[in-house]
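**Student:** Residue numbers (the numbering used here), protein chains in the order written: chain A, 1063 to 1489; chain B, 61 to 528.
Have a look at this one.
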Ligand SMILES: NC(=O)c1ccc[n+]([C@@H]2O[C@H](COP(=O)([O-])OP(=O)(O)OC[C@H]3O[C@@H](n4cnc5c(N)ncnc54)[C@H](O)[C@@H]3O)[C@@H](O)[C@H]2O)c1
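Here it is, written out as structure tokens:
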């Protein structure tokens, strides 16, 4: 047994531009997008024929035939077929959880290198057959004679032909994520103006990142897309102000402009021990320091569905003796502008910090210039499983630019009232 | 309990008719119910920048378990957190119209000049229509006479006009009251805030309550604030006095009920019902003060709460009033109080943290046709409170008065119908109060937690138009 814990280096990230639902990737499968993304990472870092320790990743919306999605994708890449792979799934936290698995294995010396990845398509989505039809078909499958099969067919009813399309709804509350967040927005008094401002920032920052070439080695073109389809460099408060509320009723503050659209895309991150990186002539961009998950009771305690990171981050930074203000960059996944703003407000609120977090003083405010400075999900879009990889790749590169020892915080909220957070340190 | 007009107007048909012909539509006021929380609905707690009373307000709201909201203001949120008050956030800009409140509490202590009075508008304008039926508006400020800076004093004095006007706008049985605190003193606010938030203050509106420093730190058991206390109520065989005895007993006191010997039978029944004791004596008799003091000292080792409730009217216009009518009213309503107080103080009958509560009347404030004697006697009661407050404080006790407006009793039932109807409706609640409303106010003043409340005259009049 290896008793020492090794530093985990992040060597680079790669993704395809994110597309809107039923856009250019409408006919691309999860496996198509993931294979392309992995191969782009392989080419960029010269990993052809390499047997990596493990590739870990997943998708949120997944066909049952894709039970081994990551392994099947790896087999389609230029990596050695001797590279093992594993599927994980934790809603929007999937990509970051994949990285935590890879990081932990590297840290413990179980593997020396690995890729964390994620993908999602909302266009090529799995459609389930009606539950009653499914029961009927399974019965038919079990039938022994043709007579029995015909008899079963008489049980067929028109309603059974309606398919079950996956819906973005919390199973235990019946509310969509947007509906949940509209409640949170109201509870925290988040204004339309504040949400639209955050959305405009997201677009402008992402556009600027593309302009200055920051994305050049992070994004590989796919099916005619070179930049994220959702990106509106000319986004403005005036334009956003024209949109009608999408959640929270006619007086709601949430619109299609300050909520992420359903999107398609994939991302991957190369991680390794420092020795492996040196042996392969690769320079670490950052180190994966630590991670923390948390969950809230959005069902019974009626807590904000997407506020779990507000609980995870204090645990994480306490473990390292850090204050919330001690970071050089914050990457907070923008599922909805309101959810980001509510999280920030929670950390500043003496009552939340005392009553929910048991702290005598609030965590405080963060410098807004350090929040998602290269754009966020509102600008880029949010293919559920791919967002974690996008965040890690971009933050690692950004911290490397800022210099060794700089710190970055990642925070991702997820369905089911969960949150995944992590600390990165510039190399 | 409610008068017949109020009952009628609250039937579906009555409501429709009242609306169509523009009659006043009094709501049946909520009254104290031991099975209900102190305040039955959410409280919005706001404040002007620089507010200093957040701590005690938040502490009370936390103690009573009120579902509290605050605007997003650092000092309010910090005060809530420090008090362990799990306050939600209210933002008028994003809150839906369905978000209503049972009480709006506003700390105006941070207002230092008249230009900042706009904070009242900023807080209340978007929220005043969110007040529920029988809701509460409570504004907290600093006692103007004790504020040294002139502009701050002006601004604080202005609060009175605001609250009195709001009290007239809220309707639906809601009330608005102002609490002034002594600047720089750690005020004991809880007893008063509980009273004003709860249905106990049902008929108290448009009032200004001044709270000074506290000599005692006696923390009441809020479910029985008068437990272990001895209270004497004069004129308790019937009417308002009887209601006072009942409420004081409910709040845990042993009550000694006093009335004239002619009422001895009724008095004994009241005492028996309450598990108290009775004392039949005419308070104007020469030996009354001694008899009372003897009784209290012998049987109870003293008294904690003394309520001077006995009072009479003998109405006649001045020109037709004989001297006897004048003298009788003055003797019972005024001079007897002075004599009894003097004896009790002299004999050191008041125990620590004791209370004297007198009963004045709006007739003593506004005057009343045909009541020159009564008006004089009830204004004199206010004089007694003012004259002895300082001495009382020195003795570690308080002296205050309630001034009832139109209360539904045998006294008011005897008034001719037209005048009676006018009296009933000429207030912000469009109805008369009940004896229990006066009694609840007395019980609040009597509470061991109300030691900062001294030298106050609190009207229980539904914000009567008379003498406002
Ligand atoms: N009812 C109102 O609307 C109203 C309004 C303002 C003030 N008040 C005041 O409230 C108090 C109670 O009024 P109420 O309506 O219950 O009147 P009430 O006449 O029903 O009761 C007064 C009680 O005082 C007793 N009493 C009278 N003279 C006494 C004496 N010399 N010694 C001992 N007891 C004596 C009477 O026997 C009676 O039981 C009075 O002081 C009255 O002036 C009443």
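Cβ atoms here follow ideal geometry from the backbone N, Cα and C, with glycine treated the same way.
Would you identify the three-state DSSP class for residue 489 of chain B, choosing helix, strand or coil?
**Tutor:** Note: residue 489 of chain B maps to coil in three-state DSSP.
**Student:** Just the C-alpha distance for residue 519 of chain B and residue 377 of chain B, rounded to the nearest angstrom, thanks.
**Tutor:** Distance between the alpha carbons of residue 519 of chain B and residue 377 of chain B is about 25 Å.
**Student:** Nearest CA to the CA of residue 1181 of chain A: which residue from A/1210, A/1203, A/1242 and A/1149?
**Tutor:** Comparing Cα-Cα distances from residue 1181 of chain A to each of A/1210, A/1203, A/1242 and A/1149, the minimum goes to A/1149.
**Student:** Who are residue 464 of chain B's beta bridge partners in DSSP?
**Tutor:** Looking at the DSSP assignment, residue 464 of chain B forms a beta bridge with B/520.
**Student:** Excluding the 5 residues preceding and the 5 following residue 142 of chain B in the sequence, name in chain order all residues of the same chain whose CB lies nearer than 8 Å to its CB.
**Tutor:** If we look at residue 142 of chain B and ignore the five residues flanking it on each side, its Cβ neighbours are 115 and 118.
**Student:** So which residues of chain A does residue 146 of chain B contact, with C-beta pairs closer than 8 Å?
**Tutor:** Near residue 146 of chain B (Cβ distances below 8 Å), the residues of chain A are 1413 and 1417.
**Student:** Nearest to residue 87 of chain B by alpha carbon, out of B/132, B/184 and B/194?
**Tutor:** The option with the nearest alpha carbon to residue 87 of chain B is B/194.
**Student:** Taking only beta-carbon positions, decide if residue 138 of chain B is within less than 8 Å of chain A.
**Tutor:** So yes, residue 138 of chain B belongs to the interface.
**Student:** Which residues have a Cβ closer than 6 Å to any heavy atom of ligand 1, listed in chain order?
**Tutor:** My final list is B/294, B/295, B/297, B/298, B/299, B/300, B/301, B/319, B/320, B/323, B/342, B/343, B/344, B/369, B/370, B/371, B/372, B/392, B/419, B/421, B/464, B/466, B/467, B/469, B/470, B/471 and B/472.
**Student:** So residue 1474 of chain A and residue 1395 of chain A are supposed to be a Cβ contact under 8 Å. How far apart are they, rounded?
**Tutor:** Contact holds; Cβ gap of about 4 Å.
**Student:** Would you say residue 1322 of chain A and residue 1242 of chain A are within 8 Å of each other, going by their C-beta atoms?
**Tutor:** No, the pair does not count as a contact, with Cβ atoms beyond the cut-off.
**Student:** Would you say residue 132 of chain B reaches chain A, if we count a Cβ-Cβ gap shorter than 8 Å as a contact?
**Tutor:** Yes, residue 132 of chain B lies at the interface with chain A (some Cβ there is under 8 Å from its Cβ).
**Student:** When burial is assigned at 16 or more other CB atoms within 10 Å of the CB, is residue 1157 of chain A buried or exposed?
**Tutor:** Buried, since its Cβ has 16 or more Cβ neighbours within 10 Å.
**Student:** Taking 8 Å as the cut-off, decide whether the C-beta atoms of residue 1409 of chain A and residue 1425 of chain A are in contact.
**Tutor:** It is a contact, given that the beta carbons lie within the stated cut-off.
**Student:** Strictly below 7 Å CB to CB, what residues from chain B border residue 1313 of chain A?
**Tutor:** What residue 1313 of chain A touches in chain B: 156.
**Student:** Identify the contact partners of residue 1247 of chain A in chain B, using a Cβ-Cβ distance below 9 Å as the criterion.
**Tutor:** Chain B residues near residue 1247 of chain A: 154.
**Student:** Using the beta-carbon count (16 or more within 10 Å), is residue 61 of chain B buried or exposed?
**Tutor:** Here residue 61 of chain B scores only 49 on pLDDT, less than 50, and its place in the model should not be relied on; the value that follows carries that caveat. So residue 61 of chain B ends up on the exposed side.
**Student:** Hey, is residue 61 of chain B's beta-carbon within less than 8 Å of any beta-carbon in chain A?
**Tutor:** Any reading at residue 61 of chain B needs caution, since the residue's pLDDT is 49, under 50, leaving its predicted position unreliable; the model's value is listed next. Taking Cβ atoms only, chain A never reaches closer than 8 Å to residue 61 of chain B, which makes this a no.
**Student:** From residue 285 of chain B to residue 252 of chain B, what does the alpha carbon distance come to, in whole angstroms?
**Tutor:** So the alpha carbons of these two residues sit roughly 13 Å apart.
**Student:** Would a check of beta-carbon distances place residue 1401 of chain A closer than 8 Å to chain B?
**Tutor:** Cβ-Cβ to chain B under 8 Å: no for residue 1401 of chain A.
**Student:** With DSSP collapsed to three states, give me the class of residue 150 of chain B.
**Tutor:** Coil.
**Student:** Beta carbon of residue 508 of chain B, beta carbon of residue 278 of chain B: below 8 Å?
**Tutor:** In contact: residue 508 of chain B and residue 278 of chain B (Cβ atoms closer than 8 Å).
**Student:** For the structure I just gave you, are there three or more beta carbon pairs, one from the region 1074 to 1090 of chain A and one from the region 1303 to 1313 of chain A, closer than 8 Å?
**Tutor:** Taking 8 Å as the limit for Cβ pairs, the verdict is that the region 1303 to 1313 of chain A does not touch the region 1074 to 1090 of chain A.
**Student:** Considering Cα atoms alone, identify which of B/472, B/298, B/201 and B/515 is closest to residue 110 of chain B.
**Tutor:** Per the Cα distances, B/201.
**Student:** Do you know how far the Cα of residue 1285 of chain A is from the Cα of residue 1097 of chain A?
**Tutor:** In a straight line, the C-alpha of residue 1097 of chain A is about 13 Å away from that of residue 1285 of chain A.
**Student:** Can you give the beta carbon distance from residue 1214 of chain A to residue 1198 of chain A, rounded, assuming they're within the 8 Å contact cut?
**Tutor:** That pair is a contact at about 6 Å.
**Student:** Distance check for residue 1442 of chain A and residue 1293 of chain A, CA to CA, integer angstroms please.
**Tutor:** When rounded, the distance between both Cα atoms is 6 Å.
**Student:** Give the secondary structure of residue 1455 of chain A by DSSP, where H, G and I count as helix, E and B as strand, and everything else as coil.
**Tutor:** Three-state DSSP puts residue 1455 of chain A in a helix.
**Student:** With 16 other CB atoms within 10 Å as the buried threshold, where does residue 1255 of chain A fall?
**Tutor:** Label assigned to residue 1255 of chain A: exposed.
**Student:** Please give me, in chain order, every unbroken run of the beta strand (DSSP E) with length at least 3 that falls completely inside the region 1132 to 1171 of chain A.
**Tutor:** Runs of the beta strand (DSSP E) inside the region 1132 to 1171 of chain A: 1147 to 1149.
**Student:** What are the start and end residues of the alpha helix (DSSP H) that includes residue 1222 of chain A?
**Tutor:** It is not in any alpha helix (DSSP H) - residue 1222 of chain A carries neither H nor E in the DSSP assignment.
**Student:** If you measure from the beta carbon of residue 428 of chain B to each beta carbon in chain A, is any gap under 8 Å?
**Tutor:** For residue 428 of chain B, the answer is no, since every Cβ of chain A falls outside 8 Å of its Cβ.
**Student:** Is there a Cβ from chain A that is less than 8 Å from the Cβ of residue 141 of chain B?
**Tutor:** Yes, residue 141 of chain B counts as interfacial toward chain A.
**Student:** Would you say residue 1243 of chain A lies against chain B (beta-carbon separation less than 8 Å)?
**Tutor:** Answer no: the Cβ-Cβ gap between residue 1243 of chain A and chain B never drops below 8 Å.
**Student:** Our contact map puts residue 1406 of chain A next to residue 1376 of chain A with C-beta atoms below 8 Å; I'd like the distance itself, whole angstroms only.
**Tutor:** The pair is not a contact, with the Cβ atoms about 13 Å apart (cut-off 8 Å).
**Student:** Indicate whether at least one CB of chain B lies closer than 8 Å to the CB of residue 1252 of chain A.
**Tutor:** At least one chain B Cβ lies under 8 Å of residue 1252 of chain A.
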